[in-house]
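There are 2 protein chains.
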Amino acid sequence: MTKNRKAAIIGGGVIGGGWAARFLLNGWDVAVFDPDPEAPRKVGEVIGNARKSLPALSDIPMVAEGKLTFAQTITEAVQGAHYIQESVSERLDLKHRVYAQIQQAAELGTPIGSSTSGFKPSELQENAANPSVIFVAHPFNPVYLLPLAEVVPSAKSDASVIENAKDILREIGMFPLHVRKEIDAHIADRFLEAVWREALWLVKDGVATTEEIDEAIRMGFGLRWGQMGLFETYRVAGGEAGMKHFMAQFGPCLTWPWTKLMDVPEFNDELVDLIAGQSDAQSGHHTIRELERIRDGNLIGFLRSLKERNWGAGKVLREHDERRAVALHAELAKGIDTGAKAAPLVMYHGQVLPGWIDYNGHMTESRYLFVCSEACDNFLRMIGAGMDYVAAGHSFYTAETHIRHLGEARLGDAVRGEMQILTADEKRFRSFVRIMIGDTCVATVEQLCLHVDMKAGKTMPASPEVWAKLEGVAKAHAGLPMPEGAGRAVGQKK
Amino acid sequence: MTKNRKAAIIGGGVIGGGWAARFLLNGWDVAVFDPDPEAPRKVGEVIGNARKSLPALSDIPMVAEGKLTFAQTITEAVQGAHYIQESVSERLDLKHRVYAQIQQAAELGTPIGSSTSGFKPSELQENAANPSVIFVAHPFNPVYLLPLAEVVPSAKSDASVIENAKDILREIGMFPLHVRKEIDAHIADRFLEAVWREALWLVKDGVATTEEIDEAIRMGFGLRWGQMGLFETYRVAGGEAGMKHFMAQFGPCLTWPWTKLMDVPEFNDELVDLIAGQSDAQSGHHTIRELERIRDGNLIGFLRSLKERNWGAGKVLREHDERRAVALHAELAKGIDTGAKAAPLVMYHGQVLPGWIDYNGHMTESRYLFVCSEACDNFLRMIGAGMDYVAAGHSFYTAETHIRHLGEARLGDAVRGEMQILTADEKRFRSFVRIMIGDTCVATVEQLCLHVDMKAGKTMPASPEVWAKLEGVAKAHAGLPMPEGAGRAVGQKK
Chain A
1 MTKNRKAAII GGGVIGGGWA ARFLLNGWDV AVFDPDPEAP RKVGEVIGNA RKSLPALSDI
61 PMVAEGKLTF AQTITEAVQG AHYIQESVSE RLDLKHRVYA QIQQAAELGT PIGSSTSGFK
121 PSELQENAAN PSVIFVAHPF NPVYLLPLAE VVPSAKSDAS VIENAKDILR EIGMFPLHVR
181 KEIDAHIADR FLEAVWREAL WLVKDGVATT EEIDEAIRMG FGLRWGQMGL FETYRVAGGE
241 AGMKHFMAQF GPCLTWPWTK LMDVPEFNDE LVDLIAGQSD AQSGHHTIRE LERIRDGNLI
301 GFLRSLKERN WGAGKVLREH DERRAVALHA ELAKGIDTGA KAAPLVMYHG QVLPGWIDYN
361 GHMTESRYLF VCSEACDNFL RMIGAGMDYV AAGHSFYTAE THIRHLGEAR LGDAVRGEMQ
421 ILTADEKRFR SFVRIMIGDT CVATVEQLCL HVDMKAGKTM PASPEVWAKL EGVAKAHAGL
481 PMPEGAGRAV GQKK
Chain B
495 MTKNRKAAII GGGVIGGGWA ARFLLNGWDV AVFDPDPEAP RKVGEVIGNA RKSLPALSDI
555 PMVAEGKLTF AQTITEAVQG AHYIQESVSE RLDLKHRVYA QIQQAAELGT PIGSSTSGFK
615 PSELQENAAN PSVIFVAHPF NPVYLLPLAE VVPSAKSDAS VIENAKDILR EIGMFPLHVR
675 KEIDAHIADR FLEAVWREAL WLVKDGVATT EEIDEAIRMG FGLRWGQMGL FETYRVAGGE
735 AGMKHFMAQF GPCLTWPWTK LMDVPEFNDE LVDLIAGQSD AQSGHHTIRE LERIRDGNLI
795 GFLRSLKERN WGAGKVLREH DERRAVALHA ELAKGIDTGA KAAPLVMYHG QVLPGWIDYN
855 GHMTESRYLF VCSEACDNFL RMIGAGMDYV AAGHSFYTAE THIRHLGEAR LGDAVRGEMQ
915 ILTADEKRFR SFVRIMIGDT CVATVEQLCL HVDMKAGKTM PASPEVWAKL EGVAKAHAGL
975 PMPEGAGRAV GQKK
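Residue numbers (this note's numbering), protein chains in the order written: chain A, 1 to 494; chain B, 495 to 988.
Right under this line is the structure:
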């Protein structure tokens, strides 16, 4: 086994803790220095968050975590370190003192990145013993999840140190963005600071509350910016005519009071050509139609993931579904009244949606079970074991499921779930759902469901009312032939 | 059957087309007016995009589409309309002329929303026959996917018209944000305009290219803003001390040249208290720890969906996996060579999300199969049968599945999928996935997967490279005991 490399983290706040977590979970040993006696607890909590979330981004097993130590001094922290990251408060004099102590103890060429939001690398380097290894490596909270690190060298920087640092950042899963010209607040924070100042005005002037401002961001352009930035988004917005059209359209607004930022560059052909040319180099390998499709796919991904979490724009989508579901359920209830006759019960009607399609172009396998579950839920509602019954402490739990895939459901197909009760007693039923597209059975799902006392976690007989209805269906279905494929084990010979 | 309601869309560009698509796909009849002879084609293309994407956000069947017509005149378009949306160019005189024509033909109280990015409603209303029904309804491109519509009335607006308009916007799946005080560029576009101006300076001054600026946005804060906005994000960044701490830390920067926006409000206790109070009202029902978990969950959702699409930050994650997979494959190969006893492969790490919970409070049953599918997809990727392999026409299809439910996964649980290969040959494998919460196995999923030629729809041997890797794992797993429960049929006695 090879020895882990070591990262020294100077400053153990939210940002320092995030750096520690990223290195640690990517197999580096980490030494943290922070004089705050609370630092180990605080850093520990950030690392705890990271352990719960960072592995979810990985599709391959994580490497073994490195070793975490809390050093008593900067000297102890940086000894033998291969990379040093400073995340102390935004005070230049403090940062200078920290670098002086680091450079007394560290190896000569060890990269020293600073998490500063705004200081230029040439300011950080002032009076340093070895300025060439000090640079900006500006991350974004939560550091353990967001990939961006703005890497800003100055004219005094050692190019090989910068390249080494960028390799290390990539190795811990980050995206080092090389900022070629130093400027106050680098790139991203210039935007953040402009928006922050604008937002302070809106709150102060009573135009909007913090909540209204947040909604204005996360329900609209915030979603766009997670997948394309400013320019690529506007290129697409320009439609077929692209970036030049967009700029021609919105160029004149530059002189209007649409923001407090009234110091604007001269809007001339030179600027338009510069931007249109850069935009072509950036995005020109895709047509506008392709970019639209990519953008829409990304937005669907974002929106669906928020919908699963019932958060932000995802909450809006859920409420929209619920409003439309009222009409749908009323229609289904009409069918339920004609219930227990000697045929399988059609307990689900639906349509294969784009979000249900896998990379083979078919309905993804868990959606077959989803259709069956929906059919079963509707059946339970019909026999009086719906939400109210569950709220009173009883429910049917699925114990076992067997699925056979016999065909393929494709995008847009109208899909039906037909339910047959194979056997039932007061404590359980065995069901068989055929998933149908027209006359074709694309899958069958056999299940054993147990009636439980949810609090005790034990099986028990269903209420007399529920059992009477279940028994009625079971008796009506007793005359149906046992379906082909019922009772199979996986891979069993026919 | 009830008659559809009708929306009139005046201006058929990218924005007008997006409005048309939203109404149409939510069951409204739509009449579009645009003198451009190309408008039907352009609007048709936007609606085509919408048809491919909007249904993917829905978990219930879409209602039947309304009827789309292209009107020859504004009069024809607005006759009998229940809602009118104007999306013509940003010229106030043009908008005034359009409203005059609309109000000659439309019903008196019909809401007239304007898509203007910047004009105030009182400006739009000037000289109108009935100013009280004209207001701003500012959407975000793509209008058919992004929920935000800034609804801005003026003092002259009829409150009941505004409420009616908000109801209609909700009905077509939007989030109407009521802007209480009119201002140039409303709320969101003030931020967009500030960022745009800042970005123009950076390009003009040679600090960054359009591509570098876009990366600075989409690799970092852009991802944050799709799920929490500016203030909630900063509240969390403040850590345990929250909003006041954040403001104390970054308040002084307001006077620094971190942006060209140097006109800043006075940073005093009054402003800090105002913002901290509003932030408490907005987010105070969650602790900072809870907000951190929500934020991290949302970011994981975004990042994973980008990873599926190999785009933006998702590309960074893939490259990170690929780098680590090299080491992993080497290790796996070593294990196989030395005949060392292998363990089941941990092929999925995740967290039980709110959208996965059923009305019993447990993970809904189709999600157990989902976890197994994800584990299996990762396994297939690992043995070289991922997307590229599928694109070349071959894939593994699931033929049969058996699930046992042994315990319950609950909201927030860290869930793991551990995969064991029971048997394999060149045409098929039988797998057994244990779904684990900590040391507890909550479900097992046994599957038979067949290797198919997708075009021919027939089983065939896997490629030699894929089979070599699959065989390696199968041999390594041959020494593991047959899992309890493998080979069962539903309801079989033990």
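By construction, the Cβ of each residue, glycine as well, lies at the ideal position given by its N, Cα and C atoms.
No experiment lies behind these values; they were computed from the predicted model shown.
Length of the line joining the Cα atoms of residue i and residue j
{"i": "residue 603/B", "j": "residue 136/A", "result": "59 Å"}
{"i": "residue 638/B", "j": "residue 513/B", "result": "7 Å"}
{"i": "residue 923/B", "j": "residue 916/B", "result": "7 Å"}
{"i": "residue 368/A", "j": "residue 863/B", "result": "10 Å"}
{"i": "residue 985/B", "j": "residue 886/B", "result": "41 Å"}
{"i": "residue 273/A", "j": "residue 101/A", "result": "49 Å"}
{"i": "residue 305/A", "j": "residue 763/B", "result": "39 Å"}
{"i": "residue 251/A", "j": "residue 683/B", "result": "14 Å"}
{"i": "residue 642/B", "j": "residue 765/B", "result": "28 Å"}
{"i": "residue 927/B", "j": "residue 412/A", "result": "31 Å"}
{"i": "residue 115/A", "j": "residue 707/B", "result": "19 Å"}
{"i": "residue 53/A", "j": "residue 918/B", "result": "33 Å"}
{"i": "residue 322/A", "j": "residue 553/B", "result": "10 Å"}
{"i": "residue 663/B", "j": "residue 578/B", "result": "12 Å"}
Residue i in three-state terms, based on DSSP
{"i": "residue 564/B", "result": "strand"}
{"i": "residue 401/A", "result": "strand"}
{"i": "residue 933/B", "result": "coil"}
{"i": "residue 383/A", "result": "coil"}
{"i": "residue 572/B", "result": "helix"}
{"i": "residue 114/A", "result": "strand"}
{"i": "residue 925/B", "result": "strand"}
{"i": "residue 842/B", "result": "strand"}
{"i": "residue 40/A", "result": "helix"}
{"i": "residue 499/B", "result": "coil"}
{"i": "residue 673/B", "result": "coil"}
{"i": "residue 267/A", "result": "coil"}
{"i": "residue 139/A", "result": "strand"}
{"i": "residue 420/A", "result": "strand"}
is_contact[residue i, chain B] using C-beta, thresh 7 Å
{"i": "residue 154/A", "result": "no"}
{"i": "residue 453/A", "result": "no"}
{"i": "residue 387/A", "result": "yes"}
{"i": "residue 359/A", "result": "yes"}
{"i": "residue 8/A", "result": "no"}
{"i": "residue 401/A", "result": "yes"}
{"i": "residue 184/A", "result": "yes"}
{"i": "residue 38/A", "result": "no"}
{"i": "residue 475/A", "result": "no"}
{"i": "residue 190/A", "result": "yes"}
{"i": "residue 49/A", "result": "yes"}
{"i": "residue 321/A", "result": "yes"}
{"i": "residue 425/A", "result": "no"}
CB contact below 7 Å: residue i versus chain A
{"i": "residue 572/B", "result": "no"}
{"i": "residue 553/B", "result": "yes"}
{"i": "residue 549/B", "result": "yes"}
{"i": "residue 505/B", "result": "no"}
Presumed contact (8 Å Cβ cut-off) between residue i and residue j, rounded CB distance
{"i": "residue 246/A", "j": "residue 282/A", "result": "Not really, about 14 Å apart at Cβ, beyond 8 Å."}
{"i": "residue 891/B", "j": "residue 865/B", "result": "Contact doesn't hold; Cβ gap of about 19 Å is too wide."}
{"i": "residue 795/B", "j": "residue 222/A", "result": "Actually they do not touch by this definition, with Cβ atoms about 14 Å apart."}
{"i": "residue 375/A", "j": "residue 466/A", "result": "So it is not a contact: roughly 18 Å between Cβ atoms."}
contact_flag[the segment 658 to 666 of chain B, the segment 564 to 573 of chain B] where n(CB pairs < 8 Å) is 3 or more: The segment 658 to 666 of chain B, when compared against the segment 564 to 573 of chain B, does not touch it at the 8 Å Cβ threshold.
Meets three-Cβ-pair contact criterion under 8 Å: the segment 673 to 680 of chain B and the segment 519 to 530 of chain B: Counting Cβ pairs under 8 Å, fewer than three are found: no touch.
Meets three-Cβ-pair contact criterion under 8 Å: the segment 752 to 762 of chain B and the segment 839 to 859 of chain B: Not touching, per the Cβ criterion.
Three-pair Cβ contact test at 8 Å for the segment 73 to 87 of chain A versus the segment 105 to 119 of chain A: Contact holds: three or more Cβ-Cβ distances are below 8 Å.
Inter-stretch contact at 8 Å, needing at least 3 Cβ pairs: the segment 433 to 452 of chain A / the segment 918 to 938 of chain B: In short, these stretches do not touch, since the Cβ pair count stays below three.
contact_flag[the segment 575 to 594 of chain B, the segment 616 to 630 of chain B] where n(CB pairs < 8 Å) is 3 or more: Here the segment 575 to 594 of chain B lies against the segment 616 to 630 of chain B, with 3 or more beta-carbon pairs under 8 Å apart.
Cβ contact check for the segment 497 to 510 of chain B and the segment 526 to 545 of chain B: 3 or more pairs under 8 Å: Segments in contact, yes.
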